[in-house]
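Below is one structure, written out as structure tokens, with a few remarks after it.
There are 2 protein chains.
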Amino acid sequence: MPFQFKILHSSKKSRARVGKIITPHGDIDTPGFVAVGTNGTIKGIDNATLDAMGVQLMFCNTYHLLLQPGTKVVKEAGGLHAFINRKKPIITDSGGFQVFSLAYGGVHDELKSRGKKKTDGMVLKITEDGVHFRSYRDGSKFLLTPESSILAQKELGADIIIPFDELPPYHIDKDELAKSLARTHRWEIRSLATHLENPQNQAIYAVIHGGVDEDLRKESCQTLTKYPFDGFAIGGSVGKNKRELEELIRFTTPLLPEDKPVHLLGIGDLPSLAATIPSGIDTFDSSYPTKAARHGLLLTKEGGIKIKQGFFKSHFAPIEADCSCFTCLQYSCAYLHHLLKANELTFYTLATIHNLHFMVKMMQETRKLIFEDQI
Amino acid sequence: MPFQFKILHSSKKSRARVGKIITPHGDIDTPGFVAVGTNGTIKGIDNATLDAMGVQLMFCNTYHLLLQPGTKVVKEAGGLHAFINRKKPIITDSGGFQVFSLAYGGVHDELKSRGKKKTDGMVLKITEDGVHFRSYRDGSKFLLTPESSILAQKELGADIIIPFDELPPYHIDKDELAKSLARTHRWEIRSLATHLENPQNQAIYAVIHGGVDEDLRKESCQTLTKYPFDGFAIGGSVGKNKRELEELIRFTTPLLPEDKPVHLLGIGDLPSLAATIPSGIDTFDSSYPTKAARHGLLLTKEGGIKIKQGFFKSHFAPIEADCSCFTCLQYSCAYLHHLLKANELTFYTLATIHNLHFMVKMMQETRKLIFEDQI
Chain C
671 MPFQFKILHS SKKSRARVGK IITPHGDIDT PGFVAVGTNG TIKGIDNATL
721 DAMGVQLMFC NTYHLLLQPG TKVVKEAGGL HAFINRKKPI ITDSGGFQVF
771 SLAYGGVHDE LKSRGKKKTD GMVLKITEDG VHFRSYRDGS KFLLTPESSI
821 LAQKELGADI IIPFDELPPY HIDKDELAKS LARTHRWEIR SLATHLENPQ
871 NQAIYAVIHG GVDEDLRKES CQTLTKYPFD GFAIGGSVGK NKRELEELIR
921 FTTPLLPEDK PVHLLGIGDL PSLAATIPSG IDTFDSSYPT KAARHGLLLT
971 KEGGIKIKQG FFKSHFAPIE ADCSCFTCLQ YSCAYLHHLL KANELTFYTL
1021 ATIHNLHFMV KMMQETRKLI FEDQI
Chain L
671 MPFQFKILHS SKKSRARVGK IITPHGDIDT PGFVAVGTNG TIKGIDNATL
721 DAMGVQLMFC NTYHLLLQPG TKVVKEAGGL HAFINRKKPI ITDSGGFQVF
771 SLAYGGVHDE LKSRGKKKTD GMVLKITEDG VHFRSYRDGS KFLLTPESSI
821 LAQKELGADI IIPFDELPPY HIDKDELAKS LARTHRWEIR SLATHLENPQ
871 NQAIYAVIHG GVDEDLRKES CQTLTKYPFD GFAIGGSVGK NKRELEELIR
921 FTTPLLPEDK PVHLLGIGDL PSLAATIPSG IDTFDSSYPT KAARHGLLLT
971 KEGGIKIKQG FFKSHFAPIE ADCSCFTCLQ YSCAYLHHLL KANELTFYTL
1021 ATIHNLHFMV KMMQETRKLI FEDQI
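Pasting the structure below:
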């Protein structure tokens, strides 16, 4: 099936809506949480297991896959779905986020967690053409442009791709931000042109920029909605706290066409989801639930629990009594506490399964509430 | 079912035999490989998955479980099977091996791999009573005696337990070794007495010691076979190479009762299995296949392959074309190569699944060959 977005219900109470994104690899119910599998796997969960858990959309990072194993290898394997054995939809980003994180020092958490900070001087030059940078893996030189990012994403072959954009830092003056925005728009339009030469059954979402500046966000929406993008992602700096984020999203979504899906980039904590779904955000990607799991923070309806706390040493109940995940059906908090204390890899897998299952169920519940006009 | 050992076939070609060990948690086909799950989990595989893979016996370490989470917690959970959610048989050791590894500097690999070498002065005193030592986790003091080891193993509640013994170093003169052996025998008999006060449906295997000295091994067999142990494990220093091991086992097994199972402690590499099965070894435990997996060494019928080698970058076939494991059915060498290069946790799980499956299948094949008198 070619890409399509259907709205099944629009809430009477807010701009929240229940929808369905149809892709060549299956459907994505919205609002839906998108799990982040940077290198082509969720950390600690293989893709067959992930499919079975009902995670409908997986986010992979072009930057990482470009450096390892390289998009040519993935293409040779028959594309990312074949290479990583994922049957369900995949979205890739442009690589811009990671490259600019290196430039502006806000190193992406995924890089941080490798324990190798080789960020100084990693971005060599930013020109109208694109960005020259060095691999964080082996120091080799790369050039990422709107065209090369899209061609890399063509080799990966995800269901949804993202144009190359600039990620300006949060602290930047308006003139600089406006210049950056104009260049981002030129880059996105070049990205779209490259995509349209060979659509390959992929959908492309524009990325709305403009930081926390209302005028610039408005300008970004007005500029990019003129082009035939299949959906819109809200990116760039989306505020320094939840209140700024909430206001920004409330202001931005009415400026986007109602019949296109809206994605919020890099946000997935529960308060932010609750704050932005009423404004009509359809999908969210974030490594929060999986990273929290690896740090021993397990999600429950009553909030996160820190499984390493002494209380859990002899707590023989599952994380949540009514949870139907693989972990809760079979293992107690006491065992999970023990596995984490013993630094066992098995902990990371079992904790990640629970947190992702929690997100899947939570989004099901959210869709139900929107159908009932309660959100 | 109470513990039982049945011999189904004795080879006409060697002392190899096919048997079945019956335990309260199910049967173990022999010769059989015993997977090591030190802290109550195979590294990277949860116990429900392990059960489904057909790994019939799991080895857990009393030393580690004593220090974390403590055997009282495990007892409170209803025993080790309930605590770790394992339905199939478990064997625990006495803790002696790890404690004496600390004393003699031959630090057990499992401790090494934690990257924290706090072994100096960890063994405080060895007396006729037992061993005073400090926890490698937090420095707190422990006393392990034949009685306390068995009582700890009663709290864990494994199907098969092991008496407390002394592990002398490989380089020791005969007088010292003889003294150590005599004490080990006294400790094993005290262990047996403690066990028999409350058998709790557990079986207990004696540990045959004597290093590579034939006289002492003979003495150990003669002493320990007089007592009502349910099986025999061959422990202590079993030689500095495969030839010494092979000779030692060939010499020792005829000195043990034919109708009792014989376990070889801590050995699991393929050449050693091939060398000792013809002498009548029934079970082997070793972390070799799981540790090899984590280091990227994948077992195949043609020998181990190092998946990190450049050759595998674009090798889109599974590890073994005819392997029916979860990993080979779904993932290519190229993807596994990529996951390891990217340091992804998922690699460790998928590699461990393959290597353990390989061991299970290899032992099935071995039993078939013994039935056909080819071994």
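For the protein sequence lines, the chains are C and L, in the order given.
When you read off a place in the first sequence, starting at 1, and then add 670, the result is the number in the numbering used here.
When you read off a place in the second sequence, starting at 1, and then add 670, the result is the number in the numbering used here.
All residues carry an ideal CB built from backbone N, CA and C; glycine is no exception.
Please confirm whether residue 844 of chain L and residue 883 of chain L have their CB atoms less than 8 Å apart. As a first step, residue 844 of chain L must be located in the second sequence, where it is residue number 174. As a first step, residue 883 of chain L must be located in the second sequence, where it is residue number 213. Taking 8 Å as the Cβ cut-off, residue 844 of chain L and residue 883 of chain L qualify as a contacting pair.
For residue 823 of chain L and residue 875 of chain L, what's the separation of their Cα atoms in angstroms? Here residue 823 of chain L refers to the residue found at position 153 when the second sequence is read from its first residue. Here residue 875 of chain L refers to the residue found at position 205 when the second sequence is read from its first residue. So the two alpha carbons sit approximately 13 Å from each other.
Under 9 Å by beta carbon: chain L residues contacting residue 753 of chain C: Translated into the one-based positions of the first sequence, residue 753 of chain C becomes position 83. Within 9 Å Cβ-Cβ: 986, 1002, 1004, 1005, 1008.
Please state if the CB of residue 1006 of chain L and the CB of residue 1063 of chain L are separated by a distance shorter than 8 Å. The first residue shown for chain L is 671 and the last is 1045, placing residue 1063 of chain L beyond what the model contains.
Do three or more CB pairs link the stretch 1009-1016 of chain C to the stretch 696-713 of chain L at distances below 8 Å? yes
State the CB to CB distance for the pair residue 727 of chain C and residue 698 of chain C, rounded to an integer number of angstroms; the pair is presumed to be in contact (CB under 8 Å). As a first step, residue 727 of chain C is located in the first sequence; it is residue number 57 there, counting from the start. As a first step, residue 698 of chain C is located in the first sequence; it is residue number 28 there, counting from the start. Right, the Cβ-Cβ distance comes to about 5 Å (below 8 Å), so this counts as a contact.
With 16 other Cβ atoms within 10 Å as the buried cut-off, status of residue 748 of chain L: As a first step, residue 748 of chain L is located in the second sequence; it is residue number 78 there, counting from the start. Exposed: under 16 other Cβ atoms inside 10 Å.
Could you name the residues that DSSP lists as bridge partners for residue 1029 of chain C? As a working mapping, residue 1029 of chain C is identified with position 359 in the first sequence. DSSP, once it has assigned bridges, lists no residue as partnering residue 1029 of chain C.
Start-to-end residues for the beta strand (DSSP E) that takes in residue 762 of chain C: Translated into positions along the first sequence, residue 762 of chain C becomes position 92. Element bounds for residue 762 of chain C: 760-762.
Once you ignore the five residues that flank residue 765 of chain L on each side, which residues in its own chain have a CB closer than 8 Å to its CB? Here residue 765 of chain L corresponds to residue number 95 of the second sequence, with the count starting at 1. Excluding sequence neighbours, residue 765 of chain L sits near 731, 732, 733, 736, 814, 819, 822, 834.
Answer yes or no: do residue 837 of chain C and residue 902 of chain C have a C-beta to C-beta separation smaller than 8 Å? By 1-based counting over the first sequence, the position of residue 837 of chain C is 167. By 1-based counting over the first sequence, the position of residue 902 of chain C is 232. No. Outside cutoff.
Could you tell me whether any Cβ in chain C is nearer than 8 Å to the Cβ of residue 1020 of chain L? The residue labelled residue 1020 of chain L in the question sits at position 350 within the second sequence. Cβ-Cβ to chain C under 8 Å: yes for residue 1020 of chain L.
Can you tell me which of the three DSSP states residue 699 of chain L falls into? As a working note, residue 699 of chain L is residue 29 in the second sequence. DSSP places residue 699 of chain L in strand when its eight states are reduced to three.
Where residue 738 of chain L meets chain C, residues with beta-carbon distance less than 7 Å: By one-based count along the second sequence, residue 738 of chain L stands at place 68. Ordered by position in chain C, the residues that pass the 7 Å Cβ test against residue 738 of chain L are 1008, 1011, 1012.
Mind reading off the beta-carbon distance from residue 954 of chain L to residue 940 of chain L? Whole number of angstroms is fine, and I expect it under 8 Å. Against the second sequence, residue 954 of chain L aligns to sequence position 284. Against the second sequence, residue 940 of chain L aligns to sequence position 270. Wrong, their Cβ atoms sit about 10 Å apart, outside the cutoff.
Are the beta-carbon atoms of residue 851 of chain L and residue 889 of chain L separated by less than 8 Å? In the second sequence, counting from the first residue as 1, residue 851 of chain L sits at position 181. In the second sequence, counting from the first residue as 1, residue 889 of chain L sits at position 219. In this structure, residue 889 of chain L lies closer than 8 Å to residue 851 of chain L by Cβ.
For residue 691 of chain L, three-class secondary structure by DSSP: Against the second sequence, residue 691 of chain L aligns to sequence position 21. Strand, per DSSP.
If contacts are defined as beta-carbon pairs under 8 Å, then residue 895 of chain L and residue 831 of chain L qualify, I think. What distance do you get, rounded to the angstrom? The residue given as residue 895 of chain L occupies position 225 in the second sequence. The residue given as residue 831 of chain L occupies position 161 in the second sequence. Rounded, the Cβ-Cβ distance is 18 Å, inconsistent with contact.
Which residues of chain C have a Cβ atom closer than 8 Å to the Cβ of residue 746 of chain L, listed in chain order? Locating residue 746 of chain L in the second sequence gives position 76, counting from the first residue. Those are 984, 986, listed as they occur along chain C.
By the DSSP assignment, the beta strand (DSSP E) with residue 955 of chain L in it spans what residues? Taking the first residue of the second sequence as position 1, residue 955 of chain L is located at position 285. 953-956 is the extent of the beta strand (DSSP E) around residue 955 of chain L.
Within the 8 Å Cβ cut-off, does residue 709 of chain C reach chain L? Here the question's residue 709 of chain C lines up with position 39 in the first sequence. Chain L, which has a Cβ nearer than 8 Å to the Cβ of residue 709 of chain C, makes this yes.
Spatial neighbours of residue 795 of chain L within its chain, please: C-beta separation below 7 Å, excluding the five flanking residues on both sides. Your numbering for residue 795 of chain L matches position 125 in the second sequence. So the qualifying residues of the chain are 802.
Coarse secondary structure for residue 995 of chain L, derived from DSSP in three states: Working through the second sequence from its first residue, we reach residue 995 of chain L at position 325. Of the three classes helix, strand and coil, the one that applies to residue 995 of chain L here is coil, per DSSP.
Looking at chain L, is there any beta carbon in it that lies within less than 8 Å of the beta carbon of residue 763 of chain C? One-based indexing of the first sequence puts residue 763 of chain C at position 93. Residue 763 of chain C does not count as touching chain L.
Which residues of chain C have a Cβ atom closer than 8 Å to the Cβ of residue 827 of chain L, listed in chain order? As a working note, residue 827 of chain L is residue 157 in the second sequence. Under the 8 Å cutoff, chain C gives no residues; its nearest Cβ is about 15 Å from residue 827 of chain L.
Between the CA atoms of residue 881 of chain L and residue 848 of chain L - distance to the nearest angstrom: Reading the second sequence from its first residue, position 178 is the one you call residue 848 of chain L. Reading the second sequence from its first residue, position 211 is the one you call residue 881 of chain L. Going from the Cα of residue 848 of chain L to the Cα of residue 881 of chain L covers about 10 Å.
On the premise that residue 985 of chain C lies in contact with residue 1002 of chain C, defined as a C-beta separation below 8 Å, what is that separation, rounded to the nearest angstrom? Position 332 of the first sequence holds residue 1002 of chain C. Position 315 of the first sequence holds residue 985 of chain C. Going by Cβ atoms, the distance from residue 1002 of chain C to residue 985 of chain C rounds to 7 Å, so yes, they are a contact pair.
For chain L, find out if any of its Cβ atoms is closer than 8 Å to the Cβ of residue 781 of chain C; answer yes or no. Within the first sequence, residue 781 of chain C is the residue found at index 111, counting from 1. Because the pLDDT of residue 781 of chain C is 42, which lies under 50, any placement of that residue in the model is unreliable, and the question is left without a value.
Taking Cβ-Cβ distances shorter than 9 Å, what residues in chain C pair up with residue 713 of chain L? Against the second sequence, residue 713 of chain L aligns to sequence position 43. The answer, in chain order, is 1014, 1015, 1016.
Whose C-beta lies closer than 8 Å to the C-beta of residue 671 of chain C among residues of the same chain, with five residues either side of it excluded? On the first sequence, position 1 is the one that residue 671 of chain C refers to. Excluding sequence neighbours, residue 671 of chain C sits near 692, 693, 694.
Residues near residue 783 of chain C in its chain [Cβ-Cβ closer than 6 Å; skip 5 each side]: By one-based count along the first sequence, residue 783 of chain C stands at place 113. Model confidence at residue 783 of chain C stands at a pLDDT of 44, short of 50, so the residue's coordinates are unreliable and nothing is read from them.
Give me the chain C residues within the contact set of residue 1046 of chain L, using Cβ-Cβ distance strictly less than 7 Å, ordered along the chain. No answer is possible for residue 1046 of chain L: the residues shown for chain L start at 671 and end at 1045.
For a test of the three-state rule: what should DSSP assign to residue 882 of chain C, helix, strand or coil? For this step, residue 882 of chain C is matched to residue 212 along the first sequence. Correct three-state label for residue 882 of chain C: coil.
Comparing the C-beta of residue 716 of chain C with each C-beta of chain L, is any distance below 8 Å? Residue 716 of chain C sits at position 46 when you count from the first residue of the first sequence. Taking Cβ atoms only, chain L reaches closer than 8 Å to residue 716 of chain C, which makes this a yes.
From residue 932 of chain L to residue 952 of chain L, what does the alpha carbon distance come to, in whole angstroms? Position 262 of the second sequence holds residue 932 of chain L. Position 282 of the second sequence holds residue 952 of chain L. Looking at the two C-alpha atoms, the distance is approximately 5 Å.
Cα-Cα, which of L/725, L/879, L/1029 is closest to residue 968 of chain L? In the second sequence, counting from the first residue as 1, residue 968 of chain L sits at position 298. The option with the nearest alpha carbon to residue 968 of chain L is L/1029.
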